[in-house]
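Here the sequence shown is numbered in our numbering, starting from 39 and rising by one per residue. Please read the structure below before turning to the comments.
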Amino acid sequence: MLKHRGFPGRLPGTDHQFVIRRANPKGATRLVARERYRDRSPADRRADLAFMAALWDHFGEAPFERGNLDAGRLAWLFGREVIPAEQPFDPESYEALLRIDLARARAAFPEAFEAEE
């Protein structure tokens, strides 16, 4: 499992983690798209925004390996702002390649991209 050095471990002041410390011996957790409902807490929304900003700062438009990125946090963005970068895509692989769908990410999280403008 690739460890993304320099990637933030969690959202400061919360328990929302962005990376995992070690690989699961039973295999990677399956990536599935989670529905983001309007009644999510402000802390969850901040975590989504901070995670998207960290993905953009760390990887930009380039495809990236899933590695030690937290499956639970990725699931909130997967299938919308973060999409598979390869076909066939294995949702249960730490080596799976992902990429940011820039148009959808900018529409959903404009604050994550303000620093570059």
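Ideal Cβ positions, reconstructed from N, Cα and C, are used throughout, including at glycine. It should be emphasised that the depicted structure is a prediction, and the values quoted were computed from it without experimental measurement.
Would you tell me roughly how many angstroms separate the C-alpha atoms of residue i and residue j, rounded to the nearest one?
i	j	result
Arg59	Arg74	26 Å
Pro63	Tyr132	12 Å
Pro148	Arg72	20 Å
Ala88	Leu49	7 Å
Phe56	Asp86	10 Å
Ala100	Leu136	9 Å
Gln125	Trp114	21 Å
Asp53	Pro46	13 Å
Asp108	Leu93	12 Å
Glu130	Met90	21 Å
Arg78	Arg84	10 Å
Gly110	Val70	9 Å
Arg118	Ile138	9 Å
Buried or exposed for residue i, please, with buried defined as at least 16 other CB atoms from any protein chain shown within 10 angstroms of its CB.
i	result
Arg68	exposed
Ala127	According to the sequence as given, residue 127 is Phe; it is not Ala. The residue is exposed, with fewer than 16 neighbouring Cβ atoms inside 10 Å.
Arg43	exposed
Ala145	exposed
Ala81	exposed
Ala143	buried
Arg76	exposed
Ala141	exposed
Identify every residue that forms a DSSP beta bridge with residue i.
i	result
Leu140	The partner list for Leu140 (beta bridge, DSSP) is empty, contrary to what the question assumes.
Leu40	Note: Leu40 sits in no beta bridge, so no partner.
Arg48	Gln55
Runs of 3 residues minimum, wholly inside the segment 64-126: which ones carry the beta strand (DSSP E) assignment? 120-122
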